[in-house]
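Novice:
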Amino acid sequence: MRLFLISCFLITLTGCSASESTSDAAVSTAEYAVAMPDEFGAQVALDVMQEGGNAVDAAIAAQFTLAVTYPEAGNIGGGGFMTLYFDQQTDFLDYREMAPALANRDMYLDDKGEVHPTESLYGAKASGIPGTVAGMWAAHQKYGKLPWSRLVQPAVTYAEQGFVVPAKLADRVSRYLKRIKERGRQTNFANYFGPAATAGALFIQPELAATLKRIRDHGPQGFYAGETADFIVSYMQANGGLISHEDLSKYQAKWRDPIHFNWRGYEIVTAPPPSSGGIAVAQWLGMVDEVIKTNVLPAYNSAPYLHLVSEAGKRVFADRAEYLGDPDFYNVPQARLIAPDYIARRASEVNLTAISPTPEVKPGLIESEDTTHFSIVDKWGNAVSNTTTINLSFGAGVVAEGAGFLLNDEMDDFSAKPGVPNFFGAIGGEANAIAPYKRMLSSMTPTIVLEDDKVKLVTGSPGGTTIISSVTLSILNTLLFDKSAEEAVNNPRFHHQLWPKDTIRVHEGFSEQPLTALEKMGYVIDRDRFGDLHLILQQNGKLSAASEANGRGKAVVKSAP
Ligand code: DON
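Going by mature numbering (1 follows the signal peptide of the UniProt record, and there is no 0), the letters in the sequence shown line up with residues -18 to -1, 1 to 543, in that order.
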């Protein structure tokens, strides 16, 4: 047993989705805001900013805290992307996992050449080299104001002294335990998290606390070398994993140029490859805008609106499968994919009255459940949009023994075999084939929208390929349909990704009329919720923040002291 649970009274978070505005314009006009996946992350980020820390400091502290209190996605064993707007400059940090040196293109194929159904999802062989600690360190070196140890400490405290398990976390743990049992992929997950299924218990993680102390005191060396590295590598060696000491020592987070594009007068700053998200959102929003230049904008969430967005989505995902992968390994034709004339051509293929036949929607350049996201704005107007993941809930379901943290199953985001869908139904080929030290293609799309050089919107979500829809719709909801932050995250959303054929995945909450009309057109309606948006919106100089009511998020706006 590596954790201790003491039953205590459950403090539930009620109304956690509501934006709790404590702002008072009479006292101060400067505000800061967070939209976080849980109350612990929210409090830690607010405390840091209250103490004079900036949005990046708050992000680092929140990232480490979520590794303790939001173990299904918050992590030090995974990776992520951070989009920044700092001192009026944009920036992008890629701390995505990399394939280990021993990885190879066919590593998940059996002797018949078929993709193994679970090896890239559960167990030590599913993990890429974690990037989070290197990423947070790089962010701190470039932008941090408060000391590193101050930012890691809250996570140490939560791991060492415990936190009260929210009912929604307990529920996810018990569902995950059931799932790995059903799939015959039991790991050491139950030893660490099993007892946490008791909602209201105090959950203490001593091994994780010790690892976080090494990170607090020695920075990345406390993770990629020394005792933590030894724990990771021995666990890998004993359990068929591939990550070596050399892999850990070679990991590097990278600063990249974010994608910028103009949309209806806004400047949108978002994730470049190895994310597919930024290119996809640019194409998706661009196609919708092209179509409504010459056609009436369909009513919000009507059948014609869902059809229009899905038609555009078909083309987005056809391009994603063909052209996108790690730009350090594959020449991604980024500029051509987001060029306005290309987007206009793709928009002209959209059929407004019928479904384009799926096999005919080709990549256009041919010549002829768990990740988490948070958004932060500080009193200086800097913004951080950060999406982080260990891929599915609880990652590979394995804890690096001795080090106490969950490892990712990000290897499933590679294309294990051309044309064979991964967990999220995404297909791919050469661009996203497995290779040593390559980064697997992602859909994470942390995004910042600027208006006249000021932050207008900070948005992002988990959800695999549905992230791209959640982010696109959050922009359409707020900036095209004038929805509030609260409405933008809680109104029902929908998603279409080319395959499965003509299937639109929908949240509950749509009226039956548009769904029946879409079924009559030939669409299959798949009622299956996705995503968890955390969004900050600025209107007339005032911030509003919202986290989806379905999750356990907390969004707060405060007046600067
Ligand atoms: O990087 C990606 O696109 C995926 N690994 C994200 C996974 C995810 O969002 C799971 N959440 N529900």
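Glycine is no exception: its CB is placed at the ideal position from the N, C-alpha and C atoms.
Note that the structure is a prediction, hence the values are computed from the model and not measured.
Is Asn86 close to the ligand DON? I mean its beta-carbon at under 7 Å from any heavy atom of the ligand.
Specialist: no
Novice: Short of 6 Å in beta carbon distance, which residues of its chain neighbour Leu48, apart from the five on each side in sequence? Order them along the chain.
Specialist: Gly23, Gly56
Novice: If you measure between the beta carbons of Arg78 and Gly59, is that distance less than 8 Å?
Specialist: no
Novice: By Cβ distance, which residues of its chain are closer than 6 Å to Gly386, with the 5 residues on each side in sequence left out?
Specialist: Gln187, Glu189, Leu190, Thr193
Novice: Counting only runs of 4+ residues fully inside the segment 288 to 375, write out the alpha helix (DSSP H) ranges in chain order.
Specialist: 316 to 319, 322 to 330
Novice: With a threshold of 8 Å, are at least 3 pairs of Cβ atoms found where one atom belongs to the segment 293 to 312 and the other to the segment 364 to 378?
Specialist: no
Novice: Is it the case that the Cβ atoms of Val273 and Val332 are separated by a distance below 8 Å?
Specialist: yes
Novice: Compute the minimum distance between the beta carbon of residue 544 and the heavy atoms of the ligand DON, and state whether it is under 7 Å.
Specialist: The requested residue 544 is not part of the displayed model; the chain covers only -18 to 543.
Novice: Near Tyr305, which residues of its chain fall below 7 Å by C-beta distance, leaving aside the five closest residues on each side in sequence?
Specialist: Val314, Pro315, Leu319, Pro345, Leu347, Ala413
Novice: What runs of the alpha helix (DSSP H), each 4 residues or longer, lie entirely inside the segment 132 to 175?
Specialist: 149 to 164, 171 to 175
Novice: Using DSSP's beta-bridge definition, name the partner residues of Phe63.
Specialist: Asp76, Thr369
Novice: Looking at the ligand DON, does it come within less than 7 Å of Glu392, judged from the CB to the closest heavy atom?
Specialist: True, at least one ligand heavy atom lies under 7 Å from that Cβ.
Novice: How should Val26 be labelled, buried or exposed, when 16 other C-beta atoms within 10 angstroms of its C-beta is the threshold for buried?
Specialist: buried
Novice: Report yes or no: do three or more beta-carbon pairs, one from the segment 494 to 502 and one from the segment 516 to 532, lie closer than 8 Å?
Specialist: no
Novice: Going by CA-CA distance only, name the one from Pro256, Ala40, Phe476, Thr72 that's closest to Ser284.
Specialist: Sorting Pro256, Ala40, Phe476, Thr72 by C-alpha distance to the C-alpha of Ser284 places Phe476 at the top.
Novice: Considering only their Cβ atoms, is the gap separating Arg87 from Ile430 smaller than 8 Å?
Specialist: no
Novice: Can you check which of these residues, Ile325, Leu389, Val437, Asn472, is closest to Ser443 by C-alpha distance?
Specialist: Sorting Ile325, Leu389, Val437, Asn472 by C-alpha distance to the C-alpha of Ser443 places Asn472 at the top.
Novice: Span of the alpha helix (DSSP H) holding His200?
Specialist: 188 to 200
Novice: Mind reading off the beta-carbon distance from Phe185 to Phe213? Whole number of angstroms is fine, and I expect it under 8 Å.
Specialist: That pair is no contact at about 20 Å.
Novice: Near Pro322, which residues of its chain fall below 8 Å by C-beta distance, leaving aside the five closest residues on each side in sequence?
Specialist: Gly268
Novice: Quick one: does the C-beta of Ser451 sit closer than 7 Å to a heavy atom of the ligand DON?
Specialist: no
Novice: Can you tell me where the alpha helix (DSSP H) with Tyr217 in it begins and where it stops?
Specialist: 208 to 220
Novice: Hey, Val437 and Gln520 are a contact pair by Cβ (cut 8 Å); roughly how many whole angstroms apart?
Specialist: 6 Å
Novice: The beta strand (DSSP E) that contains Leu517, what's its start and end?
Specialist: 516 to 521
Novice: Cα-Cα, which of Ser526, Met503, Pro474 is closest to Asp510?
Specialist: Pro474
Novice: What whole-angstrom Cβ distance do Thr353 and Gly259 have, given they're in contact under 8 Å?
Specialist: Contact between Thr353 and Gly259 is ruled out by a C-beta separation of about 11 Å, above the 8 Å threshold.
Novice: What residue range is occupied by the uninterrupted alpha helix (DSSP H) comprising Lys275?
Specialist: 259 to 276
Novice: Between the beta-carbon of Gly295 and the beta-carbon of Leu423, is there less than 8 Å?
Specialist: no
Novice: May I ask you to check if the CB of Ser493 is nearer than 7 Å to at least one heavy atom of the ligand DON?
Specialist: Every heavy atom of the ligand DON is 7 Å or more from the Cβ of Ser493, so no.
Novice: Where does Gln71 sit, in a helix, a strand or coil, going by DSSP?
Specialist: strand
Novice: Between which residues of its own chain and residue 619 is the CB-CB distance below 6 Å, once the five residues before and five after are set aside?
Specialist: Given a span of -18 to 543 for the chain in the structure shown, any question on residue 619 remains unanswerable.
Novice: By the three-class DSSP mapping on this structure, what secondary structure does Trp130 have?
Specialist: helix
Novice: Alpha carbon to alpha carbon, what distance is there between Gly201 and Thr335?
Specialist: 57 Å
Novice: Rank Leu500, Thr460, Asp464, Arg302 by C-alpha distance to the C-alpha of Phe396 and give the top, closest one.
Specialist: Looking at Leu500, Thr460, Asp464, Arg302, the one whose alpha-carbon comes closest to that of Phe396 is Arg302.
Novice: Which one or two residues does DSSP pair with Lys477 in a beta bridge?
Specialist: The sequence shown places His at residue 477, not Lys. Bridge partners of His477: Arg487.
Novice: Between Pro428, Thr65, Lys361, Ala120, which lies nearest to Ala235 when the distance is taken from Cα to Cα?
Specialist: Ala120
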